[in-house]
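Those sequence lines, one after another, are chains A and B. Using my numbering, the first residue of the first sequence is number 806, and each one after it goes up by one. Using my numbering, the first residue of the second sequence is number 806, and each one after it goes up by one. Even glycine gets a Cβ: it sits at the ideal position worked out from N, Cα and C. Note that the structure is predicted; figures quoted are calculated from it, not measured. Heads up, the thing below is written out as structure tokens.
Protein chains: 2
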Amino acid sequence: MSVPLYQAKAEMFRTLGHPVRIRVLELLQAGPRPVRELLSEIDVEPSNLSQQLAVLRRTGVVVSFRDGGLVMYALSTPDVAELLAAGRRILGAVLADRDGLLAELNAHPPAG
Amino acid sequence: MSVPLYQAKAEMFRTLGHPVRIRVLELLQAGPRPVRELLSEIDVEPSNLSQQLAVLRRTGVVVSFRDGGLVMYALSTPDVAELLAAGRRILGAVLADRDGLLAELNAHPPAG
DNA sequence: TGCCGAATTGCAGAAGTCTTCAATTCGGGT
DNA sequence: ACCCGAATTGAAGACTTCTGCAATTCGGCA
Chain A
806 MSVPLYQAKA EMFRTLGHPV RIRVLELLQA GPRPVRELLS EIDVEPSNLS QQLAVLRRTG
866 VVVSFRDGGL VMYALSTPDV AELLAAGRRI LGAVLADRDG LLAELNAHPP AG
Chain B
806 MSVPLYQAKA EMFRTLGHPV RIRVLELLQA GPRPVRELLS EIDVEPSNLS QQLAVLRRTG
866 VVVSFRDGGL VMYALSTPDV AELLAAGRRI LGAVLADRDG LLAELNAHPP AG
């Protein structure tokens, strides 16, 4: 497998590695939304949101188009929703492992 | 949904956002491997690989244990493989869209 | 044309990440 | 105890990303 392909994969994941960008993608799972609405649901400066949307656009995970006076954003492919779902599962598994380990530690004091 | 949870999700994706870390995870899909072997397959300094492995460990996507004189690494959950697969699909979709658009542009010159 | 809200861009300082070096830890074998 | 290879850690400099401000673009509408 070629080196640039690893670069592309890494870039794709790095694109998702930001709280605002994650929130945007989760909101877009329910369908296209105008910037205005994203702004009202995510506590962030307009210029900052624009920057983050630009990052998502550059990588191609979202697309934008105009609808009347508003700019709309949408997921470029439903696969993105799957990626987020897989991420949630891993997070769940990791946290469960941690809690499980913590619980086990508590159940068996130092001498155990 | 709480703000720290978005932080955790973002951190989880950011963890994958590095070519060396992606390669490590892909190699680990086939089963646990010693650091030594990862080193021989990824062209990177030992200390650098260690740093990247530490990042993966911190987030909990991999675990490590000792086997004889070697340190082994393994995926902490098979869900990680699914995440990588979803990433591949999106990358495919995005690149196909780009190529498709490019092809269409070439098929319909300026006047079209 | 001129105005208004919507959205983006440019920029600069702060904050974080990456890479490599040298130094260190850790077990295993003798 | 000593040495050796395996792996990790610490730290510094180069580089990238993030954030908020001000300035700008863009479309729609009077």
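Chain order gives the chain B residues near A/A898 as S881, T882, D884, where near means a beta carbon separation below 8 Å.
Here B/G892 is not near A/G822, since their CB atoms are 8 Å or more apart. In the DSSP assignment, the residues bridged to B/A879 are B/V868. In this structure, A/T820 sits near A/V866, with a CB-CB distance shorter than 8 Å. Per DSSP, the beta-bridge partners of B/R838 are B/Y878. Closer than 8 Å to the CB of B/Y878 there is not a single CB belonging to chain A. Any Cβ of chain B closer than 8 Å to the Cβ of A/E842 would place that residue at the interface, and such an atom is absent. DSSP places A/V849 outside any alpha helix (DSSP H), giving it a letter other than H or E. Three or more pairs of CB atoms, one per stretch, sit closer than 8 Å, so the stretch 871-885 of chain B contacts the stretch 837-851 of chain B. For the stretch 807-820 of chain A, residues whose beta-carbon sits nearer than 9 Å to a beta-carbon of chain B comprise V808, L810, Y811, Q812, A813, K814, A815, E816, M817, F818, R819, T820. Excluding five sequence positions before and after A/V849, the CB atoms of its chain that fall closer than 6 Å to its own CB belong to V825, given in chain order.
Apart from sequence neighbours up to five positions away, the residues of its chain that approach B/F870 with a beta-carbon distance below 6 Å are M877, ordered along the chain. Pairing B/L889 with B/L832 gives a Cβ-Cβ distance that is not under 8 Å. At a cut-off of 8 Å between beta carbons, B/R871 makes no contact with chain A. Of all residues in the stretch 830-860 of chain B, none comes within less than 7 Å of chain A when Cβ atoms are compared.
With a threshold of 16 other beta carbon atoms within 10 Å, A/R863 falls short and is exposed.
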